[in-house]
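In the UniProt record's numbering, the protein residues as written are 1 to 1230.
Some notes on the structure that comes next.
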């Protein structure tokens, strides 16, 4: 039969015959279908002309239906013409219920069984002529087998005999199979394969037997009764008959809806224990106890892998008798995830939102207060200012994807950037470094090193050889990135569709556009005339190419000129650019002036690696000017221009540095850094590093294959020596026992009996030969005793020891090769998979980063011994005992990230567009603050809920949707027609005011058909309440090991996507858990320090004391905030009166934060014992500030402890201090 997408084609039944027999109909001759309307006929013909049909016999695909039916008819005719008819029935009987699953193996089996076996009616070839009943060699003639004589016991030497009649003269002879043969063209493996495909069928289930199709079973009288052990395959086995649309599917699909195993309706034999559990379940449901089917009704509420233990024990006998497995046995058993039922009793753990670090949060509040004061003084209402205040008021990081892409890029390519690795927590905290911290502590080395490393990779530190080229402010020498073409329009980066890239997509083109495109110096030809590139004041529109031949070379005084330039740079007045301020009164910023501060081009500063004292911020403006024409980057770049170089401030490096810490928030910093990273993705250094990694991986894979081969040889040798040693031990033991038996004076019968018994015991011991222990290198006690007397045995033991040592060396080499391969796999981050709602899961430490926590799930594929993997793991653990103390607090990310569906998934699977998502996003912003409070309450009540679950033995809990944010409930009702009522969820029926219950009070689903009743978006709202992820811009994370365990348990193993995701999570689970545990231990997230506990206890005492005196705690907190803000405003006014911040102020010591000293006139006990409200209020404020400093000090100390050891080891100083500066000047001076 013809197949459509590997499935049987279903035909359309003929319509009823019209009453008017003269009615015109449209007929398809090949299928014998006819239609009353031409539209139906065209639609069907369009279906038949799709090139998605397959010929079942040949397996040829990409055919139309008519091509496939023609091919199949031709092959059927070929089989019927050539394949022996007398052989068909016997082959079908052999194939009926055969359990060989692979078709090629089945063909080989049939060929070997029937090759030398013949049956009456077959036309054969005689080897020789027949004379007087005897055959003579020398001729080959055709004949027919009339009878066959086969003996029941061929082992007696009685061969099967055949009565053969020669075709030309009808002479007969009795021959054996050696004298006859078949025509080579009538019995081939290809014909056997075609015959099997034509006549046999089998179920899609694993282990299903081959079954003869009904048509051929009736023709050849084949028994179709299934054996008892195969009856469960009967319902799912196709019959091979023609199927029409509307015909019932195999009963298995009805018995196991949505991919689940059928739950037995017949309860097990009742017992007193089961009756008590049933009564408990009935009391939960508040329903009268039913007679038999109550448990089945409960089970229908939840998927089978979430059935509580109470219910499993009640129906234990029914589970034992069920032939279907509880989990899918193959990919074929999995079904579409959205067709699977779900429940809210066992929902997935709620992921968390990345919050703004404490330092950035406090500074955002300061910026909000500053903007509000500006609004009060300004009479005009600025809508942009309102949006800015609203954006800064959000407590979550909005540029999460920019942060993740940047962090992954910096850590994966850290060796290229000459940057040491750092954790994601330290990265976020450093990016939020505030002006207040800059004044109190000084600069953040991690922050400076990140920016300097990225900027240093854009322009080479190579010094140009001609003096004029260095002094030309319009020439960019040594550019190491390829910029987009000027006339190209780059849309905003599609971050949703870029699922497996480490950074942003490569922007731009390598083609020349009107001879104005910027090229890197490395890409230039090695001819004498190199083209150098020229940009005038950052304006791309005036870019032009300048030849080095037009510039006079001055190589002799190159070193002296550089020294003179540095002296000029130090001696220039900072007000040289003040005359340029009046040139353009319409500009909004001074970015173009300050980027070339003191008339020194920004790229010249960058080439000299002059990053100190605000210079790298000026360089940053210059780099951004290269891509300000790109539409995707322009909004962020213009905003950075206005913030870092405002028009009302002097255009100096001190202003830019001050504004960077004072006015640039964390989200804008991440966006700018992401722009620089996107430029580096196609840079020279990154491309060269990727090529090196690819070459290295090729060598490592070859070495791994060689290592596996050598390991196999060593293992086989050790196993062989182990067998020889065991045999010698057994022989020595047997000789010793025989000698003892002979020395005893016993009767001959007893002696014989004992000898026979000893022989039997010895054979039993030999059969119980111990397995080869790969961790035991030395000889055992018995082996040592025998080695003292037998030198050859000692040599065998020494050879085995050498083989075991070689095995251990190969295992260690393999682990090291695997680790290196994982670390240099830097091209893309691997996606773990997608869940039922198309959310994507990312584990960023999976590849490309240094391996800090090994995955002990790895096993050796070539180990024949079953315990080898366990031995490897135990040995690996022993080797790493010394490093455990360090690894316990060593991590890089420590979070499992969840991203919403991509735009393609939204468009195809959710049938939604970006406008609907934008509408939801606007509603989400309205209740985001309410959602933050929900997360806070949920985290506070997490431990209480766990204790409640442990003490509560009831398998189900009552739903309570009142705790969900009100904004989420109103959004669900407005956009999706779902009403979250106190203990149930209802859906508004279309074209009606009535509501239908979707989720009942136990969280169970009340509908049977999910596909037709609930849309994918509605299901997403139900399952992911109260924070559904509607697009790829939504990122959440898990950072607790128990959340990963719960997530794996929530994933449905019957789903296509979730089965794959579950498998990948199980592979990396141990590494994820170790990284999460290390992070939580390093940050003390699971236990507070003694100082914090003491402060919280004191605050609680003061709070209770103030409440007893009638003092409002909130009023104290608000007054403290007002005082702090007024102090900050006063400090800013004092700073504005200064001409410029002194450079020396930035060179303060970066020690740990020292809390401000408080002059205490009384002890804590004295104040708490008094009733002085003023003293208690002051004490309350001081304790709160001290507690906040203690919490910030942990994160702050980790950031301040970070040192760029890679740059210091290579250059003896950091990148910020100019460690990557070219040494050409020193060499020239020498």
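Ideal placement from N, C-alpha and C gives every residue a C-beta, glycine not left out.
In this text the structure is predicted, and so the values were computed from the model without any measurement.
Taking just the CA atoms, how far does residue j sit from residue i?
| i | j | result |
| --- | --- | --- |
| residue 1033 | residue 1004 | 31 Å |
| residue 637 | residue 1041 | 40 Å |
| residue 1024 | residue 350 | 8 Å |
| residue 1102 | residue 1180 | 6 Å |
| residue 13 | residue 45 | 15 Å |
| residue 777 | residue 801 | 5 Å |
| residue 1231 | residue 339 | The chain is shown from 1 up to 1230; residue 1231 falls before or after that span and cannot be answered. |
| residue 603 | residue 391 | 34 Å |
| residue 229 | residue 208 | 11 Å |
| residue 240 | residue 92 | 15 Å |
| residue 165 | residue 82 | 21 Å |
| residue 780 | residue 718 | 16 Å |
| residue 849 | residue 817 | 15 Å |
| residue 7 | residue 16 | 28 Å |
| residue 685 | residue 481 | 9 Å |
| residue 828 | residue 29 | 54 Å |
| residue 212 | residue 62 | 27 Å |
Which residue from the options puts its Cα closest to that of residue i?
| i | options | result |
| --- | --- | --- |
| residue 1026 | 212, 22 and 923 | 923 |
| residue 449 | 462, 439, 421 and 476 | 421 |
| residue 344 | 1030, 1001, 1045 and 1018 | 1001 |
| residue 416 | 430, 1174, 826 and 1071 | 826 |
| residue 642 | 626, 590 and 625 | 590 |
| residue 1205 | 418, 106, 178 and 95 | 418 |
| residue 464 | 481, 608, 112 and 72 | 608 |
| residue 53 | 818, 43, 42 and 66 | 66 |
| residue 204 | 904, 406 and 335 | 335 |
| residue 669 | 784, 356 and 201 | 356 |
| residue 1098 | 1064, 686 and 1168 | 1168 |
Buried or exposed for residue i, going by 16 or more other Cβ atoms inside 10 Å?
| i | result |
| --- | --- |
| residue 397 | buried |
| residue 411 | buried |
| residue 1197 | exposed |
| residue 173 | buried |
| residue 453 | buried |
| residue 149 | exposed |
| residue 736 | exposed |
| residue 444 | buried |
| residue 617 | buried |
| residue 124 | buried |
| residue 459 | buried |
| residue 49 | exposed |
| residue 693 | buried |
| residue 714 | buried |
| residue 659 | buried |
For residue i, which of helix, strand or coil comes out of DSSP?
| i | result |
| --- | --- |
| residue 62 | coil |
| residue 434 | coil |
| residue 162 | strand |
| residue 834 | strand |
| residue 779 | coil |
| residue 477 | coil |
| residue 451 | helix |
| residue 33 | strand |
| residue 976 | helix |
Which ranges would you report for the beta strand (DSSP E) in the stretch 69-155 if only whole runs of at least 3 residues count? Counting only runs of 3 or more, we get 123-131 and 134-149.
Taking only runs that begin and end inside the stretch 401-429, name each unbroken alpha helix (DSSP H) of 4 or more residues, in chain order. 414-417
Segments of 4+ residues assigned as alpha helix (DSSP H) that fall wholly inside the stretch 1022-1058: DSSP runs (the alpha helix (DSSP H)) wholly in the stretch 1022-1058: 1041-1050.
At what residue ranges does the stretch 200-231 contain a whole run of the beta strand (DSSP E), taking only runs of 3 or more? 200-202 and 210-212
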